[in-house]
Amino acid sequence: MAQIAASASLTTGHAPFIEDARDHGRLYIDQPYELYSEENHEAWRRLYQRMLPKWERHANEHFLNGVRSLCLDPDRVPRIEDVNRYLCPLTGFRAKPVSGYIPSFLFFDCLRNREFPTTITIRDLATLDYLPEPDIFHDIAGHVPMHTDRAFADTLVRFGECAHTAAEMASYIRDEHERLRRLTSMLKAMARFFWFTIEFGLMQGRDGIKASGSGLLSSFGELSHAIESPEVQRYPLQLEWAINQAFEIDHYQPLLFVADSFDQLFSLVDRLERWMREGRLNNVAPGEPEISERDLRSFLEAAPSA
Ligand SMILES: [Fe+2]
301 MAQIAASASL
311 TTGHAPFIED
321 ARDHGRLYID
331 QPYELYSEEN
341 HEAWRRLYQR
351 MLPKWERHAN
361 EHFLNGVRSL
371 CLDPDRVPRI
381 EDVNRYLCPL
391 TGFRAKPVSG
401 YIPSFLFFDC
411 LRNREFPTTI
421 TIRDLATLDY
431 LPEPDIFHDI
441 AGHVPMHTDR
451 AFADTLVRFG
461 ECAHTAAEMA
471 SYIRDEHERL
481 RRLTSMLKAM
491 ARFFWFTIEF
501 GLMQGRDGIK
511 ASGSGLLSSF
521 GELSHAIESP
531 EVQRYPLQLE
541 WAINQAFEID
551 HYQPLLFVAD
561 SFDQLFSLVD
571 RLERWMREGR
581 LNNVAPGEPE
591 ISERDLRSFL
601 EAAPSA
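The C-terminal position of the sequence shown is numbered 606 in my numbering, with every residue numbered one higher than the one before it.
This is the structure we're talking about:
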């Protein structure tokens with residue numbers, strides 16, 4: 301028994317609890333807090349400690365307010381229920397533990413219901429800069445502070461509604477090949493816009509450009525690079541550009557977009573949905589990201605029968 305407890309942990313890639321959940325097809329899970337090892341807590345402590353001064357310099361003010369209002373413990377992996385106790389009264393959002401990747405439609409549908417699918421594993425203490433998949437630091441420290449902001453939270457819900465519109469629009473197409481082609485294009489547009497705003501967005505602040513995207517806010521190396529490096533191109537956010545712009549995930553982003561405000565972001569997601577209904581997202585530029593069979597299926601299965 302003691303041996304099982306000693307070998308148990310919630311380290312990314314080495315978490316028997318998560319493997320078991322995946323093997324049994326359980327997407328939504330509990331957070332078995334007692335399984336976090338001391339190494340797991342130490343990984344959180346180091347990640348948090350080294351990001352704090354970077355956030356103070358480069359994070360937008362809504363994120364910094366969010367970190368304060370969530371009262372995250374700098375020394376221990378957070379309990380999701382504690383996070384939700386502070387988060388929920390502010391915007392109705394709650395973090396929802398998942399066993400890993402969930403199909404795209406379900407992800408967006410969670411957002412529509414003000415639930416944020418949240419990974420509970422944490423990266424290996426020995427390789428803090430290597431992130432093969434999202435972990436609890438990315439999800440809770442990178443994403444969730446933004447969910448305390450009402451305008452940002454409403455923007456996420458609007459993204460969720462777009463997913464329903466995509467499923468609906470696809471359901472109107474009789475020809476199967478054409479249905480898949482258009483759906484792929486709409487999902488590419490959505491994924492790109494989400495990437496360039498929610499994950500890697502910059503925002504104009506009172507004293508210069510700040511980060512608002514969670515991929516930046518949870519990356520020790522890329523946060524300063526994104527704000528300060530002359531190698532990064534930074535342009536005002538334009539919907540028509542972002543939805544046609546391919547991106548790669550395995551290196552620092554060479555091109556980032558700067559939004560004016562969350563109100564602007566909300567109105568652009570609104571426009572994204574309108575363009576979807578008008579058929580203007582049926583032929584976006586080819587290229588990354590690839591849309592997987594599983595993601596397409598999640599939308600087709602969600603489509604209302606026409
Ligand atoms: Fe993310």
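Glycine included, C-beta positions come from ideal geometry on N, C-alpha and C.
Put residue 308 into one of helix, strand or coil per three-state DSSP. The answer is coil: DSSP assigns residue 308 none of H, G, I, E or B.
Does ligand 1 have even one heavy atom less than 7 angstroms from the beta-carbon of residue 514? Yes, the Cβ of residue 514 comes within 7 angstroms of a heavy atom of ligand 1.
From which residue to which residue does the alpha helix (DSSP H) around residue 527 run? Per DSSP, residue 527 belongs to the alpha helix (DSSP H) from 520 to 528.
State buried or exposed for residue 318, treating a residue as buried only when at least 16 other CB atoms are found within 10 Å of its CB. Counting every other CB atom within 10 Å of its CB across the protein chains shown gives residue 318 a total of 16 or more, marking it as buried.
At the level of alpha carbons, what is the spacing between residue 449 and residue 487? Distance between the alpha carbons of residue 449 and residue 487 is about 26 angstroms.
Does the beta-carbon of residue 499, which I'm using as the reference point, lie nearer than 7 angstroms to any heavy atom of ligand 1? Checking the 7 angstroms criterion, the Cβ of residue 499 is within range of a heavy atom belonging to ligand 1.
Should the stretch 343 to 363 be regarded as contacting the stretch 323 to 333, the criterion being three or more beta carbon pairs within less than 8 angstroms? By the Cβ rule, the stretch 343 to 363 does not count as touching the stretch 323 to 333, because fewer than three pairs are nearer than 8 angstroms.
With 16 other CB atoms within 10 Å as the buried threshold, where does residue 302 fall? At residue 302, the pLDDT of 39 sits below 50, so the modelled position is not reliable; the number obtained from the coordinates is stated separately. With a 10 Å radius around the Cβ and a threshold of 16 neighbouring Cβ atoms, residue 302 comes out exposed.
Please classify residue 328: does DSSP put it in a helix, a strand, or coil? Here residue 328 sits in strand by DSSP.
Can you give the Cα-Cα distance for residue 384 and residue 492, rounded to whole angstroms? In a straight line, the C-alpha of residue 384 is about 28 angstroms away from that of residue 492.
Closest to residue 334 by CA distance: which of 391, 368, 509, 376 is it? Ranking 391, 368, 509, 376 by Cα distance to residue 334 puts 376 first.
For the putative contact between residue 411 and residue 460, defined by C-beta atoms under 8 angstroms, what is the C-beta separation to the nearest angstrom? The pair is a contact, with the Cβ atoms about 4 angstroms apart (cut-off 8 angstroms).
Check each candidate in 417, 434, 391 and name the one with the smallest Cα separation from residue 424. For residue 424, the nearest C-alpha among the options comes from 434.
Can you find the residues in the same chain that come closer than 7 angstroms, C-beta to C-beta, to residue 454, ignoring five residues on each side of it along the sequence? For residue 454, where only same-chain residues beyond five positions count, the Cβ hits under 7 angstroms are 566.
For residue 477, is the beta carbon positioned less than 7 angstroms from some heavy atom of ligand 1? Answer for residue 477: no, Cβ out of range of ligand 1.
Taking residue 521 and residue 429 to be in contact with their CB atoms under 8 angstroms, please state how far apart those CB atoms are, rounded to whole angstroms. The C-beta distance from residue 521 to residue 429 rounds to 6 angstroms, short enough to fall under 8 angstroms.
Any chance the CB of residue 530 is under 7 angstroms from a heavy atom of ligand 1? Residue 530: no, Cβ never under 7 angstroms from ligand 1.
Helix, strand or coil for residue 504? Go by DSSP, reduced to three states. Taken through DSSP and simplified to helix, strand or coil, residue 504 comes out as strand.
Below 7 angstroms, is the gap between the Cβ of residue 434 and the nearest heavy atom of ligand 1? Within the chosen limit of 7 angstroms, ligand 1 reaches the beta carbon of residue 434 through at least one heavy atom.
In the DSSP assignment, what are the bridge partners of residue 314? In the DSSP output, where bridge partners are listed per residue, residue 314 has 311.
C-alpha distance - residue 606 paired with residue 599, whole-angstrom precision: Because the pLDDT at residue 606 is just 42, under 50, the model does not fix this residue reliably, and the value given afterwards should be weighed accordingly. A direct Cα-to-Cα measurement between residue 606 and residue 599 gives close to 14 angstroms.
What do you reckon, is the C-beta of residue 443 under 7 angstroms from a heavy atom of ligand 1? Distances between the C-beta of residue 443 and the heavy atoms of ligand 1 include at least one below 7 angstroms.
Do the stretch 463 to 472 and the stretch 404 to 423 meet, that is, are 3 or more Cβ pairs less than 8 angstroms apart? Contact holds: three or more Cβ-Cβ distances are below 8 angstroms.
Own chain, CB closer than 7 angstroms to residue 523, minus 5 neighbours either side, in chain order: Closer than 7 angstroms at the Cβ level, and outside the excluded window around residue 523, lie 354, 358, 511, 516, 517.
I think residue 443 touches residue 416, with their Cβ atoms under 8 angstroms apart; what is that distance to the nearest whole Å? Yes, residue 443 and residue 416 are in contact; Cβ-Cβ is about 7 angstroms, under 8 angstroms.
Starting from the C-beta of residue 572, find all residues in its chain whose C-beta is less than 8 angstroms away, skip the five residues before and the five after it, and write them out in chain order. Excluding positions up to five away in sequence, the list reads 462, 489, 490, 493, 539, 543, 581.
Please report the residue range of the alpha helix (DSSP H) in which residue 386 lies. Residues 380 to 391.
Inter-residue spacing [alpha-carbon to alpha-carbon] between residue 292 and residue 413: Not covered by the structure: residue 292. The range shown for the chain is 301 to 606.
Looking at the strands, I want to know which residues DSSP matches up with residue 556. Residue 556 pairs with 534.
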